[in-house]
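First comes the structure, then the notes that go with it.
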Amino acid sequence: LRDFRFFDVALDDISGAAHDLGGSLNDGFLTGVAGGMRRYHQRHLAAVDHLLVTMPISVRADDDAMGGNRITVERFDLPIGITDPSHRIRRITTIARAIRQDPAIPYSGMIAGVMNLLPVDVTAGMFKHVDMLLSNVPGFPEPAFVGGALLESFHVFGATIGSAADVTLLSYDDTCHVGISTDSGAVKDPDVFLDCMVAGFDELVSAGADPRADPPIDLPGA
8 LRDFRFFDVA LDDISGAAHD LGGSLNDGFL TGVAGGMRRY HQRHLAAVDH
58 LLVTMPISVR ADDDAMGGNR ITVERFDLPI GITDPSHRIR RITTIARAIR
108 QDPAIPYSGM IAGVMNLLPV DVTAGMFKHV DMLLSNVPGF PEPAFVGGAL
158 LESFHVFGAT IGSAADVTLL SYDDTCHVGI STDSGAVKDP DVFLDCMVAG
208 FDELVSAGAD PRADPPIDLP GA
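Each residue of the sequence shown is one higher than the last, beginning at 8 in the numbering used here.
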């Protein structure tokens, strides 16, 4: 069984906070998720330093033709044990930069082609070793209409594909809509999961607006 929850964050709030802390919108998204997962594990009295996540990464170049998808899927450790969001986003920015410089990325299309030939049971089984699936999807930058009716929001219901949870951010107009899909067998308290995730993003936004100088570094797992 699957459970679906969602919440919204102002695009300017999350992108502005991430920029103030030296990162991108995507870095801010990962930092907010990491903060939420740190809180969720603390609520369950579990000290966890990192989670293994899978995330689509855009590989589109400036000279690529319009249309179609130009992405690869990367698996990496997301640090959730760093208490201070300003230090957490710096670590995440370093990780994201290293991923984009991975020499294997040019061959990702070939690898994906082989993966598409494998049975669904095989590919789904691979994701059972992943804790979470994360996606940051750019949407329409301005209001959209269908049949003359204004689309007020988009919330993505992402497949968990064998992992415990999928968290997807879709930006639309001036809002980031965050959809959370969880496996009911792995997440027994989706309301708590949602509350912790919202708190993680609120923490990021507050940190971006905080005028304090460089705070002390927290030890992983603190």
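Where a beta carbon is used, it is the ideal one built from N, C-alpha and C, also for glycine.
Residues in the same chain with beta-carbon distance under 6 Å from residue i, minus the five sequence neighbours each way, listed in chain order, please.
i, result
"R82", "T61"
"V16", "C183, F208"
"D20", "V212"
"D27", "G215"
Note down, in chain order, each residue of its chain lying with its Cβ closer than 8 Å to the Cβ of residue i, except the 5 sequence neighbours on either side.
i, result
"D42", "One point to set straight first is that residue 42 is Gly, not Asp, in the sequence displayed. If we look at G42 and ignore the five residues flanking it on each side, its Cβ neighbours are I87, P92, R95, A206, G207, F208, E210, L211."
"R107", "I64"
"V55", "M44, R45, H48, I87, G88, G228"
Against chain D, does residue i count as a neighbour if the rule is that its beta carbon must be under 8 Å from one of theirs?
i, result
"P148", "Absent from the structure: chain D. Only one protein chain is present."
What is the residue span of the alpha helix (DSSP H) that residue i lies within?
i, result
"G39", "32-50"
"A53", "Unbroken run through A53: none, as it is neither H nor E."
Is the CB-CB distance between residue i and residue j below 8 Å?
i, j, result
"F14", "S188", "no"
"D190", "L140", "no"
"V153", "L176", "no"
"D217", "L18", "no"
"H57", "D84", "yes"
"V137", "L37", "no"
"S142", "G169", "no"
"G39", "T100", "no"
Please return the same chain residues whose Cβ sits closer than 7 Å to the Cβ of residue i, not counting the five positions on each side in sequence.
i, result
"G23", "G215"
"S178", "L18, P145, G146"
"E149", "D180"
"H162", "F13, H184, G186"
Along the beta strand (DSSP E) that carries residue i, what are the first and last residues, could you check?
i, result
"S142", "139-145"
"A17", "9-17"
Stretch-stretch touch, CB-based, cutoff 8 Å, three pairs: the segment 46-57 with the segment 191-204: Under the 8 Å Cβ criterion, the segment 46-57 counts as touching the segment 191-204, having at least three qualifying pairs.
Completely contained beta strand (DSSP E) runs for the segment 83-108, where each covers 3 or more residues: For the segment 83-108, not one full-length beta strand (DSSP E) segment reaches 3 residues or more.
Ranges of the alpha helix (DSSP H) found wholly within the segment 175-225, counting only runs of at least 4: Entirely contained in the segment 175-225, the alpha helix (DSSP H) runs reaching 4 residues are, in chain order, 197-216.
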